[in-house]
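Participant: So that we are looking at the same thing, I have put the structure below in structure tokens.
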Amino acid sequence: MPQRILIQPVTRIEGHATISIWVNDGGEVESAQFHVTEFRGFEKICEGRPLHEMPGLMSRVCGICPVSHVLASSKAGDALLGVEAPPAAVKQRRLANYAQILQSHALSFFHLSSPDLLLGMDAEAGKRNLFGLIEQDAAFARRGIRLRQFGQRVIELVGGRRIHPGWSVPGGVQTAVTAATRDEIAAWVPESLASIEAALHRMKSITGSFREEIEHIGNFPSLFLGTVNHDGALEYYDGVIRITDSEGNTVAEGLDPLRYDTYLGEASEEWSFMKFPFYKPLGYPGGLYRVGPLARLNVATSTGTPRADRELREFKHRATGAVCQSFYYHLARLIEMLHAVERIEELIGDPELLSEDVRTKAMPNRREGIGSCEAPRGTLFHHYFVDTDGLVRKANLLIATSQNNLAMNQAVEQTAKHFVLPRQLREGMLNRVEAAIRCYDPCLSCSTHALGKMPLMVEVRNRAGELLDRVARS
Amino acid sequence: MVGAMVFAIGNTLRGDDGAAHRLADLLSAGPGVDVRRVQQLTPELAEAMAHATTVVFADADPGAETVRWERLGATAGRSSISHSMAPAELLALARRLYDFRGTAYVCHIPARDFTPGSALTPVAEAGARGGAGFVAAYLRK
């Protein structure tokens, strides 16, 4: 009879999840699973709502990456209206998205994962948090807080609020950027660049202490998927999908994000509320692919900005093909933060950003619209169907975190098999299993929306706890 | 230099959870009082409160029967679970990272219904009014 080691809750991630580690009769780890135990249901909530409400409604999906949902939703709205957003609106959207990449990655790296990286995987559990980090290196913690603050402030200045901004709408955005906003953002840039470069230096200096974790925490071959521009460079707002394999070979090039459902499928398992997307040509579960910072840097040939390009060249030397070690998500995150600040600096130097022509107005002209962008955790798709009155009849959200679901499960199993000794169990072993998940920085609130597709079991018990009835749907 | 800060915590679309925002609307704070409406407390707010002499965290409390005023002690630790923070954790962060030397209080506002919607129950509305009066009077001292 297999024994189960349960990690509940998984800490320092966004949302609610547990990990089961199954131990066989010989006392060895046999398998492990990452269970997502919360449900949000936004695909259902938005049915019947006017399409112009969708970006504001979708911003409520997440408190960490609301901008991504607003942008994917706005782009789907652009498509439903059959219009292009004015150039200044597109620049505002890009600016807010870079700010969100910055603040979300700062949260992941400094607040959630740095306690493991700086204090060690075996440090006292009660110290492995932001306060423990402060005891170790207050200046480092302060830099992380300031970086997140910068990203949040840009979102507030451009989008009107730090959390759940709803300024971007179908056809563009609602307000113009002022010169005062531009100048305030510019003042933050030098400090932010310096802080990220200091963190990169620190991160690279400690990787030697994590050789075993680098090799055995989620190090496996897979496909990588991300958006690139037509030169093959890193792209977050517009572009085409590129898929590469673990050898660095291009598997698919120039895929249209608007046709995502022709090459990406979604499976479900009875033990998780989160879907399991896969690359259709390789089937399920063989079509496992990864998205997010590591995937984006693996698929992109350059970043298009000088400081990040230098880092990318060094990053790519860590492997002969693709960088497959999940541990390097952390390093990739820092490189993306550097790139984001460089892009923010570029955008605020563009006079067109201040144009007051920010919105194209139209009635719905199409019944189906898709919007995609790169969110902090990977590629995001919003797909809406509306009726003749512009009311949403059906929505499908393909969320970045769910696209890493297969990979996260493989990572926890590999990590558990290598590090967990069930008969000599220590907390640090289980922390490494959690750390495998933290590499992917999952945002579970974002990613559980498919009502009717998740497994469900309802048990009716009396006061004594006796089971009276059970209804199950798998 | 800011004399006092008031953080009104909550979500105005979750019924009584918006009670602190209502308190902020009703608060006739004088000059030198920085009132901020937030959905949740996040670490970067620690820097903002660093130079205040008094900080008030106003929050909806389903366990409160009447408006309750509590002096806050700093507590570290829970943020290993989540990205958002409790008032005591933010206070601890401000003290450790930014040398905050002021005093902090929580104004607990009675709250009963957190279902989606922007209306407050009569209990929360009365609590917000009473809390606004109490906070204003305290800050005027």
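Order-wise, the sequence lines are chains R and S.
Going letter by letter, the first sequence gives residues 5 to 478 in the numbering used here.
Going letter by letter, the second sequence gives residues 13 to 153 in the numbering used here.
We treat Cβ as the ideally placed atom computed from N, Cα and C, and that holds for glycine.
1. Classify TRP192 (chain R) as helix, strand or coil using the three-state DSSP reduction.
2. So what's ARG299 (chain R) in DSSP terms, helix, strand or just coil?
3. Taking only three categories from DSSP, how would you classify CYS377 (chain R)?
4. Using DSSP with H/G/I as helix, E/B as strand and the rest coil, what is ARG132 (chain R)?
5. Determine the burial state of SER196 (chain R): buried for a count of at least 16 other Cβ atoms within 10 Å of its Cβ, exposed for fewer.
6. Helix, strand or coil: which one does DSSP assign to PHE113 (chain R)?
7. Tell me, please, whether the CB atom of THR54 (chain S) is closer than 9 Å to any CB atom in chain R?
8. Which of the three DSSP states, helix, strand or coil, is assigned to VAL416 (chain R)?
9. For PHE43 (chain R) and chain B, any beta-carbon pair shorter than 9 Å?
10. Starting from the beta carbon of GLU59 (chain S), find every residue of chain R whose beta carbon is closer than 9 Å, and list them in chain order.
11. How is the beta strand (DSSP E) around LEU227 (chain R) delimited, first residue to last?
12. By Cβ distance, which residues of its chain are closer than 8 Å to ILE93 (chain S), with the 5 residues on each side in sequence left out?
13. Excluding the 5 residues preceding and the 5 following PRO289 (chain R) in the sequence, name in chain order all residues of the same chain whose CB lies nearer than 8 Å to its CB.
14. Note down, in chain order, every chain S residue with its Cβ under 8 Å from the Cβ of ALA142 (chain R).
15. Does the distance from the CB of ILE247 (chain R) to the CB of LEU227 (chain R) come in under 9 Å?
16. Cβ closer than 8 Å: which chain R residues qualify as neighbours of ALA104 (chain S)?
17. Would you call the stretch 412 to 423 of chain R in contact with the stretch 26 to 39 of chain R, where contact means no fewer than 3 C-beta pairs closer than 8 Å?
18. Grouping DSSP H, G and I as helix and E and B as strand, with all else coil, what is GLN51 (chain S)?
19. Could you say which of R:ILE25, R:LEU238, R:GLY353 lies nearest to THR309 (chain R) if we only look at CA atoms?
20. Cβ of SER96 (chain S) less than 9 Å from any chain R Cβ?
21. Between the Cα of GLY382 (chain R) and those of R:HIS109, R:ASP260, R:HIS20, spot the shortest distance and give me the residue it belongs to.
22. Leaving out five residues on either side along the sequence, give the residues of the same chain with a beta carbon under 6 Å from the beta carbon of PHE154 (chain R).
23. To the nearest angstrom, how far is the alpha carbon of ILE105 (chain R) from that of GLU82 (chain S)?
24. Starting from MET82 (chain S), trace the alpha helix (DSSP H) in both directions and tell me its first and last residue.
25. For VAL158 (chain R), report the span of its alpha helix (DSSP H) as first-last.
26. Starting from the C-beta of ALA131 (chain S), find all residues in its chain whose C-beta is less than 8 Å away, skip the five residues before and the five after it, and write them out in chain order.
27. Using 9 Å as the limit for Cβ to Cβ distance, is ILE138 (chain R) near chain S?
28. List the residues of chain S whose Cβ lies closer than 7 Å to the Cβ of ILE167 (chain R), in chain order.
29. Out of R:THR392, R:GLN428, R:THR364, point me to the one whose CA is closest to SER78 (chain R)'s CA.
30. Can you confirm whether the stretch 295 to 306 of chain R touches the stretch 334 to 342 of chain R when touching is taken to mean that 3 or more C-beta pairs between the two stretches lie within less than 8 Å?
31. PRO134 (chain S) by DSSP, collapsed to three states: which one?
32. Go to ARG31 (chain S), then tell me how far its alpha helix (DSSP H) extends in each direction, as first and last residue.
33. I'd like to check one pair, GLY296 (chain R) with ALA76 (chain R): are the Cβ atoms closer than 9 Å?
34. Going by C-alpha to C-alpha distance, which of R:TRP171, R:ARG166, R:GLU201, R:VAL162 sits closest to ALA183 (chain R)?
35. Ignoring anything shorter than 3 residues or poking outside the stretch 231 to 282 of chain R, list the beta strand (DSSP E) runs there in chain order.
36. Which residues bound the alpha helix (DSSP H) around PHE46 (chain R)?
Facilitator: Let me lay it out:
1. helix
2. It should be pointed out that residue 299 (chain R) corresponds to Ala in this sequence rather than to Arg. Three-state DSSP puts ALA299 (chain R) in a helix.
3. strand
4. coil
5. In summary, SER196 (chain R) is buried, with 16 or more beta-carbon neighbours lying within 10 Å of its beta-carbon over all protein chains present.
6. The DSSP-derived three-state label of PHE113 (chain R) is helix.
7. Yes, because at least one Cβ of chain R sits closer than 9 Å to the Cβ of THR54 (chain S).
8. helix
9. In the displayed structure, chain B is absent; the protein chains listed are R and S.
10. ARG146, ILE149, ARG150, GLN153
11. 227 to 232
12. Confidence in ILE93 (chain S) is poor, its pLDDT being 43 and thus under 50, which makes the residue's placement too unreliable to answer from.
13. If we look at PRO289 (chain R) and ignore the five residues flanking it on each side, its Cβ neighbours are ALA271, PHE280, PHE282, LEU410.
14. ARG108, LEU109
15. With respect to the 9 Å criterion, ILE247 (chain R) and LEU227 (chain R) are classified as neighbours on the basis of their beta carbons.
16. The contacting residues are PHE135.
17. yes
18. coil
19. That would be R:LEU238, whose Cα lies nearest to the Cα of THR309 (chain R).
20. Among the residues facing chain R, SER96 (chain S) is included, as its CB has a counterpart in that chain under 9 Å away.
21. R:HIS109
22. TRP192, SER196
23. Inter-residue distance for ILE105 (chain R) and GLU82 (chain S) is about 38 Å (C-alpha atoms, whole angstroms).
24. Rather than Met, the amino acid found at residue 82 (chain S) in this sequence is Glu. Per DSSP, GLU82 (chain S) belongs to no alpha helix (DSSP H); it is in the beta strand (DSSP E), 80 to 83.
25. VAL158 (chain R) -> alpha helix (DSSP H) spans 142 to 163.
26. Take ALA131 (chain S), set aside five residues on each side of it, and the residues of its chain with a beta-carbon closer than 8 Å to its own are GLY27, in chain order.
27. yes
28. GLN51
29. Of R:THR392, R:GLN428, R:THR364, the residue nearest in Cα terms is R:THR364.
30. yes
31. helix
32. First, the residue type needs correcting, since residue 31 (chain S) is Ala and not Arg in the sequence shown. 31 to 38 is the span of the alpha helix (DSSP H), which, as asked, contains ALA31 (chain S).
33. For ALA76 (chain R) and GLY296 (chain R), no; Cβs fall outside 9 Å.
34. R:VAL162
35. 244 to 248, 254 to 259, 268 to 271
36. 46 to 49
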